[in-house]
Amino acid sequence: MVSSPKSRHRISDDAKDKFSQVFGGACRIFRAPGRVNLIGEHTDYNLGFVMPAAVDLYCAVAIAPRNDRELHAYSAHFGEKVVIDLEPPGPSPRGDWSDYAIGTAVALENFGYALRGANLVVSAEVPLGSGLSSSAAIEVSTGAALLNIGGHTLDRKQLALACQRAENEFVGARCGIMDQFISAHGRSAHALMLDCRSLDSDLLPIPSGVRLLVANTGVEHQHAAGEYNARRQQCEEGVRLLSAALPGIRSLRDLSAEQLERNKSGLPELIYRRCHHVVSENQRVFEMAEALAQGDLQSVGNLMGDSHRSLRDDYQVSCAELDIMVEIAAGLHGVVGARMTGGGFGGCTVNLVDAREAELIEHELARQYEARTGIRPEAYVLNATDGVTEVSN
Ligand code: GAF
119 MVSSPKSRHR ISDDAKDKFS QVFGGACRIF RAPGRVNLIG EHTDYNLGFV
169 MPAAVDLYCA VAIAPRNDRE LHAYSAHFGE KVVIDLEPPG PSPRGDWSDY
219 AIGTAVALEN FGYALRGANL VVSAEVPLGS GLSSSAAIEV STGAALLNIG
269 GHTLDRKQLA LACQRAENEF VGARCGIMDQ FISAHGRSAH ALMLDCRSLD
319 SDLLPIPSGV RLLVANTGVE HQHAAGEYNA RRQQCEEGVR LLSAALPGIR
369 SLRDLSAEQL ERNKSGLPEL IYRRCHHVVS ENQRVFEMAE ALAQGDLQSV
419 GNLMGDSHRS LRDDYQVSCA ELDIMVEIAA GLHGVVGARM TGGGFGGCTV
469 NLVDAREAEL IEHELARQYE ARTGIRPEAY VLNATDGVTE VSN
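Numbering (the working numbering), first residue to last: 119 to 511.
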């Protein structure tokens, strides 16, 4: 079990200390959060609706400008430095941690931001590969740091889009916009409902008396990236097949439940199920926003449960460990709702829990999960937090 808030909040200091060891001299520090998604899973790349919250597990970047156009990037986690030149022909992906940082620099330059060279240290406490979006936290913190020392004003939307571009084109993962957007735009004590087509968003207060408990299954399944990209393709195939009968459909976002049922016979069973998840999940995001606004925690819990089952059965991105973790949570007193969060195939569950019982639930969830799986899970009671910011130093 994890992890005292105190130990979690020293990440900026770690980045600073490492900077003085590796490069020496003064630096500035930028910090971007990971995220959980309350509901709206695998809807972002279908240009639908999501409801993430930024959480207080961060990636910190310590940075100082150089007088050339080189980036000297050091990972505190891997203890490794990568040096690249931003001048043409520019860097190529290496297939490791540095792609998130370097790819962000490349994407920002492609967006028209002229950057300076820099020395930088990347230090992350968002657990890697856990579905809490460590990659977006690295991209957004690096991007904000590079923009700042390059003398550019921070446009959070452009930053999020450039970071998504980095991930799509440099890292090679076809993710949607959710993770980078929330890491840039999060707000303390709030979740955010985002329209992934227009990028309009609404802040939704997390009900007082409720805490976010994130529990890590401790498994990360192979082929998750391949399966993720396959789901995207299946959604695109659904749009292609449906658009013969429904010419207005550009993405699954445009499809109603009633249209899907009417045109079901034109779809292979598997594609129908993928579409069914996305259409029903978009609807659940709206119902969740309403339930949160009304303080209707019963409905919040039901919607999270429905979302998990839809991801498990229709979209098939859950796994045995996630299902066990959710099932245990559902049986615990004080749990409002539980579901997998993020891309799936392992990683974390998100639980909304009664604040008075959070520690007890954390303990009991871990105990029962370990008894059933033999895996000792990490769990974090987290706060919804602000998006990327400079940390005073
Ligand atoms: C991952 C992706 F990066 C997001 O864009 C989103 O698709 C999510 O999986 C699933 O909702 O975190």
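Every residue, glycine too, gets a C-beta built ideally from N, C-alpha and C. Owing to the predicted nature of the structure, the values given are computational and were not obtained by experimental measurement.
With a threshold of 6 Å on Cβ separation, who are the neighbours of HIS195 within its own chain once the five nearest residues in sequence on each side are excluded? none
Considering only DSSP beta bridges, list what PRO170 is partnered with. ASN155
Please report the distance separating the alpha-carbon of PHE404 from that of TYR433. 20 Å
From ALA223 to GLY197, what distance separates their C-alpha atoms? 21 Å
Closer than 7 Å to a non-hydrogen atom of the ligand GAF - does that hold for the CB of ASP432? no
ALA232, buried or exposed, once every other Cβ within 10 Å from all chains shown has been counted against 16: exposed
Following a CB-centred definition, is ASN286 positioned closer than 7 Å to any heavy atom of the ligand GAF? no
How many Å lie between VAL444 and VAL332 at the Cα? 11 Å
Please tell me whether GLU482 and LEU450 are closer than 8 Å, where the distance is taken between their beta carbons. yes
Is the Cβ-Cβ distance between GLY304 and ALA407 less than 8 Å? no
Who sits around the ligand GAF, taking every residue whose Cβ is closer than 5 Å to one of its heavy atoms? GLU159, HIS160, ASP162, CYS293, GLY294, MET296, ASP297, GLY460, GLY461
Span of the alpha helix (DSSP H), counted from its first residue to its last, around SER417: 415-431
For the beta strand (DSSP E) containing LYS199, name the first residue and the last one. 198-203
Limits of the unbroken alpha helix (DSSP H) element including ARG274: 274-283
Integer Cβ distance of ARG330 from ALA448, believed to fall under 8 Å: In the sequence on display, residue 330 carries Leu and not Arg. Incorrect: roughly 17 Å between the Cβ atoms, too far for contact.
Is ARG128 helix, strand or coil when you go by DSSP? coil
Return the chain-ordered list of same chain residues with a C-beta closer than 6 Å to the C-beta of MET296, the five sequence neighbours on each side being excluded. ASP162, VAL168, PRO170
Quick check for students: name the residue ranges of the alpha helix (DSSP H) that lie wholly in the segment 301-349, counting only runs of 4 or more. none
Can you grab the Cα-Cα spacing for the pair SER193 / SER138, in whole Å? 13 Å
If you run the structure through DSSP and keep just helix, strand and coil, what is LEU175? strand
Cβ-based neighbour list, ARG402, same chain, cut-off 7 Å, excluding 5 preceding and 5 following: ILE157, LEU421, ASP424, SER425
Buried or exposed: where does PRO495 fall if 16 or more other Cβ atoms within 10 Å of its Cβ makes it buried? buried
For LEU321, which option in SER241, ASP135, ALA411 has the closest C-alpha, if you only look at C-alpha atoms? ALA411
Beta-carbon separation of GLY235 and ARG187 under 8 Å? yes
Rounded C-alpha distance that separates PHE463 from GLU480: 22 Å
Apply the 10 Å Cβ neighbour rule to GLN298 and answer buried if 16 or more other Cβ atoms are within range, or exposed otherwise. buried
Using a 10 Å radius around the Cβ and a threshold of 16 neighbouring Cβ atoms, would you call PRO206 buried or exposed? exposed
Taking only three categories from DSSP, how would you classify ALA363? coil
Just to check my reading of the structure: GLN276 and CYS293 have Cβ atoms closer than 8 Å, yes? What is that Cβ distance to the nearest angstrom? Contact flag wrong, Cβ pair sits at about 17 Å.
Give me the Cα-Cα distance between GLY461 and HIS160, rounded to the nearest whole angstrom. 7 Å
Among GLY356, ALA191, ILE202, the one whose alpha carbon lies nearest that of GLU387: GLY356
Using alpha carbons as the reference points, say which of PHE141, TYR218, VAL499 lies closest to ARG474. VAL499
Name the DSSP bridge partner or partners of ASP472? VAL328
Once the 5 residues before and after SER251 are set aside, which same chain residues still bring their CB inside 6 Å of it? GLY152, ARG153, ASP297
Which whole-angstrom value describes the C-beta separation of VAL289 and PRO211, a residue pair presumed to lie in contact below a C-beta threshold of 8 Å? 7 Å
If you reduce the DSSP assignment to three classes, tell me which class CYS60 lands in. The question about residue 60 has no answer here: the residues shown for the chain are numbered 119 through 511.
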